[in-house]
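Enquirer: Here it is, the structure, as structure tokens.
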Amino acid sequence: MDLIVERSEGLSGTVKAPPSKSYTHRAVIVASLAEGRSMIADPLVSEDTLSSLRACRAFGVRIHEEAQGWVVHGSGGALETPEDVIDVGNSGTTLRIMTSVAGLAENYTVFTGDESLRKRPMQPLLDALRPLGVTAVSSRMNGLPPIIVRGGFRGGETSIDGRVSSQFISSILIAAPLSGGVELSVEGEFISRPYVDMTLDVMGRFSVPVSYSDGIFTVEPSVYRAVDYTVEGDYSSASYLAGAAAVAGGEVRIQNLFRDSKQGDMLILDILEDMGADVRRGDDHAVVSSTGELEGVSVDLHNAPDLLPTVAVLGAIAEGRTEIRGVEHARYKETDRIGTCAAELKALGLQVRELKDGMIIQGDITGKTVKSHGDHRLAMAFTLIGLRRGIRIKDGDVFSVSFPDFIEKMNSLGCRLRLAEL
Ligand SMILES: O=C(O)C1=C[C@@H](OP(=O)(O)O)[C@@H](O)[C@H](O)C1
Ligand SMILES: C=C(OP(=O)(O)O)C(=O)O
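Numbering-wise, my numbering comes out as the position in the sequence shown, counting from 1, plus 13.
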């Protein structure tokens, strides 16, 4: 279904940022491996995080969805062989993290997903698991899902290329304590590092420490202990709420955003400030106000790849030139986000120079229609252009992957958007 956005000006209101997608995945998966009963309070209930919940259930973990959150009866690491193939839909995080977890189960596990998921690279993880005792292969032998994993995670030493996805590192670290222990060295540039810090944060909350020195993570054999865990708000989702205030003008207060968060995407607040918005940070909220006039910026997104669509669109709206660098790994997401964002911005009339690791954007927007390419972050980011001049986003209903109440939250601030009638 298409998303229709009408010009909107002068936003106001207070809104709660949706719960963090990355923390929800980690919390439900680690709680599933823990000994005892955990309550995951305020989880993100979205297509991607439900993929993780269902994947954990497939290994025999009992999880109850209640009003306050998810009650997880941890397996202590005793996982059943799934009865069927596991379909993780669109969720790369589920696929990557659960691949190592499947190495802890007996027999074979098969993971597949939607058309986009079946293009997500897996080979570095498959190679890194082999020395640890896990034989995991791509069914088509092309490094892509479907993935077949044979249990046998005994632990040991391994290494991984840090340039493709930090999810490979999170994956091995999460399963590692339930093996004989792991030493994992990261080779080359270590992109998206804050996501690994989030992994260590959750492992620590469930009583498992990880040490890191000279590029090597060390995890000793250990047990995860169940805990009650509250999921904090999501800075990536909040980038659309904050971005809306910056482009449409007015003042918006976003609750549930913590100043001491480990999320790399909190960089959006600095970027909006550099572009000319006014940002006030509280311990558990941020307030963004703006006249709507923005200036282009130069940013490196190596630690915050999910901000690429938001920043590209803000750059398209801003006066002058915006340069985004350091984010070649955005090409391996739900779509090749450098390619799809550049193509759609060009179709809207902008001058865009696509770089290997980013893009340079300048010029004026003339067009009125864009395509989401089925990518939730493109759909939500293009909404910001609509607030300035109206837009129709083809297949714009894909936001439910990460932000199911996106329309309601944006509407509550004064943004005029709706799904097109069929
Ligand atoms: O571990 C995670 O929760 C994520 C890691 C990032 O991926 P990469 O490490 O592949 O950049 C990010 O893009 C993704 O949305 C979520
Ligand atoms: C890349 C993303 O998620 P995943 O890797 O879990 O598909 C995202 O949410 O932008």
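Note that beta-carbon positions come from the ideal geometry of N, C-alpha and C, so glycine has one too.
This one's a predicted model, so the numbers in the text were calculated from it and none came from an experiment.
For Ala261, report the span of its alpha helix (DSSP H) as first-last.
Expert: Within the sequence shown, the letter at position 248 stands for residue 261. Residues Tyr248 to Ala261.
Enquirer: State buried or exposed for Lys346, treating a residue as buried only when at least 16 other CB atoms are found within 10 Å of its CB.
Expert: Taking the first residue of the sequence shown as position 1, residue 346 is located at position 333. Burial call: buried.
Enquirer: At which residues does the alpha helix (DSSP H) containing Tyr225 begin and terminate?
Expert: Position 212 of the sequence shown, counted from the first residue, corresponds to residue 225. No alpha helix (DSSP H) contains Tyr225, which is instead part of the beta strand (DSSP E) from Ser224 to Ser226.
Enquirer: What does the alpha-carbon distance come out to for the pair Arg338 and Ala331?
Expert: If you number the sequence shown from 1, residue 338 lands on position 325. If you number the sequence shown from 1, residue 331 lands on position 318. Straight-line Cα distance between these residues: approximately 17 Å.
Enquirer: In whole angstroms, give me the CA-to-CA distance for Tyr237 and Gly90.
Expert: Looking up residue 237 in the sequence shown gives position 224. Looking up residue 90 in the sequence shown gives position 77. Going by the C-alpha atoms only, they are around 9 Å apart.
Enquirer: Can you find at least 3 beta carbon pairs, one from the stretch 375 to 388 and one from the stretch 355 to 363, that sit closer than 8 Å?
Expert: Flag = yes, the stretch 375 to 388 and the stretch 355 to 363 touch.
Enquirer: What are the start and end residues of the beta strand (DSSP E) that includes Tyr121?
Expert: Here residue 121 is taken as the residue at index 108 of the sequence shown, counted from 1. Taken as a continuous stretch (DSSP letters only), the beta strand (DSSP E) holding Tyr121 covers Tyr121 to Thr125.
Enquirer: Give the DSSP-derived three-state secondary structure of Ala91 in the structure shown.
Expert: The count along the sequence shown starts at 1 and reaches residue 91 at position 78. Correct three-state label for Ala91: coil.
Enquirer: Taking only three categories from DSSP, how would you classify His342?
Expert: Working through the sequence shown from its first residue, we reach residue 342 at position 329. Three-state result, His342: helix.
Enquirer: If you draw a straight line from the alpha carbon of Arg163 to that of Ile99, how long is it in whole angstroms?
Expert: One-based indexing of the sequence shown puts residue 163 at position 150. One-based indexing of the sequence shown puts residue 99 at position 86. Looking at the two C-alpha atoms, the distance is approximately 14 Å.
Enquirer: Who are the near neighbours of Glu341 in its chain, counting only those whose CB is closer than 7 Å to its CB and skipping five residues on each side?
Expert: Within the sequence shown, residue 341 is the residue found at index 328, counting from 1. Closer than 7 Å at Cβ, skipping near neighbours: Lys369 and Asp370.
Enquirer: So, with DSSP's three-state summary, where would you put Val236?
Expert: As a working mapping, residue 236 is identified with position 223 in the sequence shown. Val236 falls in the coil class under three-state DSSP.
Enquirer: Let's see if you can read the secondary structure: which residues bound the beta strand (DSSP E) around Ile404?
Expert: In the sequence shown, residue 404 corresponds to position 391, counting from 1. Run containing Ile404: Ile404 to Lys407, per the beta strand (DSSP E) assignment.
Enquirer: Taking all protein chains shown into account, do 16 or more other C-beta atoms lie within 10 angstroms of the C-beta of Gly362, making it buried, or fewer, making it exposed?
Expert: Indexing the sequence shown from 1 puts residue 362 at position 349. By the 10 Å Cβ count, Gly362 comes out exposed.
Enquirer: Report the residue ranges of all alpha helix (DSSP H) runs contained in full by the stretch 141 to 194; include only those spanning at least 4 residues, in chain order.
Expert: Segments of the alpha helix (DSSP H) lying fully in the stretch 141 to 194: 180 to 188.
Enquirer: Is the Cβ-Cβ distance between Arg80 and Thr243 less than 7 Å?
Expert: If you number the sequence shown from 1, residue 80 lands on position 67. If you number the sequence shown from 1, residue 243 lands on position 230. The sequence given here places Ala at residue 80; Arg does not occur at that position. No, they are not a contact pair.
Enquirer: I need the straight-line Cα distance from Gly333 to Ile284, nearest angstrom please.
Expert: Numbered from its first residue, the sequence shown carries residue 333 at position 320. Numbered from its first residue, the sequence shown carries residue 284 at position 271. Roughly 15 Å separates the two Cα atoms.
Enquirer: Tell me the DSSP secondary structure of Pro436 in three-state form.
Expert: Lying before the first or after the last residue shown, residue 436 is absent from the chain, which here runs from 14 to 435.
Enquirer: Thr106: beta carbon under 6 Å from a heavy atom of ligand 2?
Expert: What you label residue 106 is simply residue 93 of the sequence shown in a count that begins at 1. It does: the Cβ of Thr106 is within 6 Å (strictly closer) of some heavy atom of ligand 2.
Enquirer: With three or more C-beta pairs closer than 8 Å as the rule, is the stretch 289 to 299 touching the stretch 178 to 190?
Expert: No, the stretch 178 to 190 does not touch the stretch 289 to 299.
Enquirer: Could you spell out where the alpha helix (DSSP H) holding Arg218 opens and where it closes?
Expert: In the sequence shown, residue 218 corresponds to position 205, counting from 1. Arg206 to Arg218 is the extent of the alpha helix (DSSP H) around Arg218.
Enquirer: Between Glu170, Tyr208 and Ser205, which has its C-alpha nearest Ser192's C-alpha?
Expert: To locate residue 192, count along the sequence shown from 1; it is residue 179. Ranking the options by Cα distance to Ser192, first place goes to Glu170.
Enquirer: Would the stretch 35 to 55 and the stretch 386 to 403 be scored as touching if the rule is three or more Cβ pairs under 8 Å?
Expert: Judged by Cβ distances under 8 Å, the stretch 35 to 55 makes no contact with the stretch 386 to 403, as fewer than three pairs qualify.
Enquirer: Identify the continuous alpha helix (DSSP H) that holds Ser65 and give its terminal residues.
Expert: In the sequence shown, the residue the question calls residue 65 occupies position 52. Counting along the chain, the alpha helix (DSSP H) containing Ser65 begins and ends at Glu60 to Ala71.
Enquirer: Less than 6 Å between the CB of Arg390 and some heavy atom of ligand 2, yes or no?
Expert: In the sequence shown, the residue the question calls residue 390 occupies position 377. Within the cutoff, so yes.
Enquirer: Which residues in the same chain have their Cβ closer than 6 Å to the Cβ of Glu434, if we skip the five residues on either side of it in sequence?
Expert: The count along the sequence shown starts at 1 and reaches residue 434 at position 421. Excluding residues within five positions, none has a Cβ falling inside 6 Å.
Enquirer: What does a CB cutoff of less than 8 Å around Asp388 pick up in its chain, not counting 5 residues either side in sequence?
Expert: For this step, residue 388 is matched to residue 375 along the sequence shown. Result list for Asp388: Ser129, Pro322, Lys346, Glu347, Thr348, Arg350, Thr353 and Val411, in chain order.
Enquirer: Below 8 Å, can you find three or more Cβ-Cβ pairs linking the stretch 129 to 139 to the stretch 154 to 161?
Expert: Yes: at least three Cβ pairs fall under 8 Å.
Enquirer: Is His342 a contact residue of ligand 1, with contact defined as CB to any heavy atom under 6 Å?
Expert: Counting from one through the sequence shown, the residue named residue 342 turns up at place 329. Checking every heavy atom of ligand 1 against the Cβ of His342, one is found closer than 6 Å.
Enquirer: Spell out a yes or no on whether the stretch 55 to 65 and the stretch 291 to 311 are touching, meaning 3 or more CB-CB pairs, one atom from each, closer than 8 Å.
Expert: With a cut-off of 8 Å, the stretch 291 to 311 and the stretch 55 to 65 do not count as touching, because too few Cβ pairs lie within range.
Enquirer: Go ahead and pull the three-state DSSP assignment for Leu16.
Expert: In the sequence shown, counting from the first residue as 1, residue 16 sits at position 3. Here Leu16 sits in strand by DSSP.
Enquirer: Compare the Cα-Cα distances from Leu92 to each of Lys29, Phe166, Ile420 and Lys407 and report the closest residue.
Expert: In the sequence shown, the residue the question calls residue 92 occupies position 79. It is Phe166 whose Cα lies nearest to the Cα of Leu92.
Enquirer: Buried or exposed for Gln276, going by 16 or more other Cβ atoms inside 10 Å?
Expert: Walking along the sequence shown from the start, residue 276 turns up at place 263. Flag for Gln276 reads buried.
Enquirer: Would you kindly work out how many angstroms separate the C-alpha atoms of Met216 and Glu96, rounded to a whole number?
Expert: Residue numbering aside, residue 216 sits at position 203 when the sequence shown is read from its first letter. Residue numbering aside, residue 96 sits at position 83 when the sequence shown is read from its first letter. About 28 Å.
Enquirer: Below 8 Å on the Cβ atoms is my guess for Asp51 versus Val240; work out the distance and round it to an integer in Å.
Expert: Numbered from its first residue, the sequence shown carries residue 51 at position 38. Numbered from its first residue, the sequence shown carries residue 240 at position 227. Position check: residue 51 holds Ser in this sequence, whereas Asp was assumed. That belief holds up - the Cβ atoms of Ser51 and Val240 are roughly 6 Å apart, short of 8 Å.
Enquirer: Might you give, ordered along the chain, the residues of its own chain that have their beta carbon closer than 7 Å to the beta carbon of Arg438, omitting 5 neighbours on each side?
Expert: Since the displayed the chain opens at 14 and closes at 435, residue 438 lies outside it and no answer follows.
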